[in-house]
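A short worksheet on the structure shown next.
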DNA sequence: TAATTTAACTTGTAATTACAAGCAAATATA
DNA sequence: TATATTTGCTTGTAATTACAAGTTAAATTA
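Protein chains in written order, with this note's numbering: chain S, 14 to 249; chain U, 14 to 249.
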């Protein structure tokens, strides 16, 4: 990434890492703008550009006359916002298993989202995963990735890895937003079996199309969630 | 508002109004940064500050080397709209009726969101609405507005008016975001009656806390939605 | 004519300077 | 002592200048 030599990115990365590593803890003040100028040998506009990025991403909060403090990470940003489902539950006790390992195939003709010519032509990488909390099935997710420039994805992606992280680290694809349709449905026999609930039990169903930083590249996922003991939470 | 004399706010307001009034239509380019400088007799950093605010609010999109274009308004930001599974329909056919007219009362002690001292002290304006499409109940919504500085709200708000518009036009309160919890539940007897569905039918249930431009002012709503023929849609 | 180069735009980054405004603690005053 | 005031910090706004980098279209060249 050529952005590495941009000065405001350097300051931004320094602060973001310090926050993530808890060098600056939640509620702590970060160095003042002038201190940061001296630390990195840049001027205030450059420091302010870095700080502004951190504000827009929710890492810090600024107060005129006082300074800037570290903000708690937005937890629970999940299913309904733009974070991976692994982060959504914010819980190490959630286990993810493949019900169907990633496999290249064509999109179904009755795919519920409008597909581009390229998406139809190249087909998709399709897989099914189930997420369990304390060995209890919680969420069943079916994912379709258009098979465009994803060399090595199937080898890089595994049960213990976050889909979003693999896409970002290996393919430089970042999730920016998306659209979703939401239903409450009765569990079909198949879904009931997978989620270990009674058939006809209410199930939360979402069809999602996620937009990415790669032009024309979208990501589709269909979710079925047992909300008897848990609920989905999202911030927006 | 003392911000009126800030130069970047002037440029920002000029552009925002021009976009809302469709002087600059969706997809249109707005004047270049240098043109805006001359138009308002300010320098580029000032113009860029205004543009950046518009970008962060989703009004425009910038492209290095090309310029900035007007973006379609984000209907969602997580605020969900109702769509038909089978056909697209125009919102004109959706009718809203009060099941309980707005009334000042205290918050329940078991209110599912954490309330501030002021919210508990001043109580809330509470009302229940139902939305019907072709006389078929679709959505039941219970709303709680903290009764703080809302003089005249009950008189201004009626069935044919948008809650968000009344809050914005009469009280200068803008919805900025929020958080929501989502369940698929079985309809209770009461909900089934209201939505005219079988008891035990699956119902989409949301509890939402909306954040506003007014410091410390939140808006709470509980939704029950029949998703047999329709679904909720949202962008994020 | 077709491909290439150049020129003229656009936004992006960055240093410099200056003053305004919010905040808190030390200081001066009653 | 209790109340104002000052001082010195913080971030906010804004002009100025300079060059980098992406995009497009006109001009040049083969």
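For glycine and all other residues, C-beta sits at the position ideal for the given N, C-alpha and C.
Asked	Found
Cut-off 8 angstroms between Cβ atoms - residues of its own chain near residue 183(S), not counting five sequence neighbours on either side	165, 166 and 169
Contacts that residue 244(S) makes with chain U (C-beta to C-beta distance below 8 angstroms)	194, 195 and 196
CB contact check: residue 150(U) to chain S, cutoff 9 angstroms	no
Distance between residue 77(U) and residue 64(U) (C-alpha atoms, nearest Å)	13 angstroms
Sequence-distant residues of its chain with Cβ nearer than 7 angstroms to residue 31(S) (five each side left out)	37
4 or more residues per run - each alpha helix (DSSP H) lying fully within the segment 104-163 of chain S	130-135
Local conformation of residue 227(U) per DSSP, three classes	coil
Interface residues of the segment 197-212 of chain U facing chain S [CB-CB below 7 angstroms]	197, 198 and 199
The segment 227-241 of chain S: positions lying closer than 8 angstroms to chain U by Cβ	238 and 240
Cβ of residue 76(U) within 9 angstroms of any chain S Cβ	no
9 angstroms Cβ cutoff met for residue 111(S) and residue 140(S)	yes
Those residues which DSSP pairs with residue 199(S) across a bridge	215(S)
Helix, strand or coil at residue 42(S) [DSSP, three-state]	strand
Nearest neighbour of residue 113(U), chosen from 147(U), 202(U), 155(U) and 122(U) [CA to CA]	155(U)
Interface residues of chain S facing residue 217(U) [CB-CB closer than 8 angstroms]	195, 196, 197 and 217
7 angstroms CB neighbourhood of residue 137(S) in its chain, flanking five on each side removed	118, 120, 157, 158, 159 and 160
Touching by the beta-carbon criterion (3+ pairs, under 8 angstroms), the segment 213-230 of chain U and the segment 183-199 of chain U	yes
Residue from 247(U), 181(U) and 41(U) whose Cα sits closest to the Cα of residue 163(U)	181(U)
Start and end residues, alpha helix (DSSP H) containing residue 167(U)	166-169
Distance cut-off 8 angstroms: residue 177(S) Cβ against heavy atoms of the ligand NAD	Absent from the structure shown: the ligand NAD. Ligands present: none.
Any chain U beta carbon closer than 9 angstroms to residue 190(S)	yes
Backbone secondary structure at residue 237(U) - three-state DSSP	strand
For residue 193(U), the three-state DSSP class (helix, strand or coil)	strand
Within-9 angstroms CB hit, residue 165(S) to chain U	no
9 angstroms Cβ cutoff met for residue 67(S) and residue 25(S)	yes
Contained alpha helix (DSSP H) runs [length at least 4] in the segment 59-88 of chain U, N- to C-terminal order	none
Nearest-angstrom beta carbon gap, residue 207(S) and residue 143(S) [assumed within contact, 8 angstroms]	6 angstroms
Nearest neighbour of residue 185(S), chosen from 227(S), 129(S) and 42(S) [CA to CA]	227(S)
Within-9 angstroms CB hit, residue 126(S) to chain U	no
Cut-off 6 angstroms between Cβ atoms - residues of its own chain near residue 29(S), not counting five sequence neighbours on either side	none
Proximal chain S residues relative to residue 175(U), where beta-carbon distance stays under 9 angstroms	The premise fails here: residue 175(U) is roughly 19 angstroms from chain S at the closest Cβ pair, so nothing lies under 9 angstroms.
Helix, strand or coil at residue 206(S) according to DSSP, with G and I counted as helix	helix
Which of helix, strand or coil DSSP assigns to residue 99(U)	Residue confidence for residue 99(U) is low, a pLDDT of 49 falling below 50, so the modelled location carries little weight; the figure read from the coordinates is stated next. It is coil, neither helix nor strand.
Whether residue 7(U) touches residue 190(U) by CB criterion (9 angstroms)	Only positions 14 to 249 of chain U appear in the structure, and residue 7(U) is not among them; the question remains open.
Own chain partners of residue 224(U) with C-beta closer than 7 angstroms, once the 5 adjacent residues on each side are dropped	189, 190, 191 and 231
Residue 251(U) and residue 61(U) closer than 9 angstroms at C-beta	Nothing about residue 251(U) can be read from this structure; chain U reaches only from 14 to 249.
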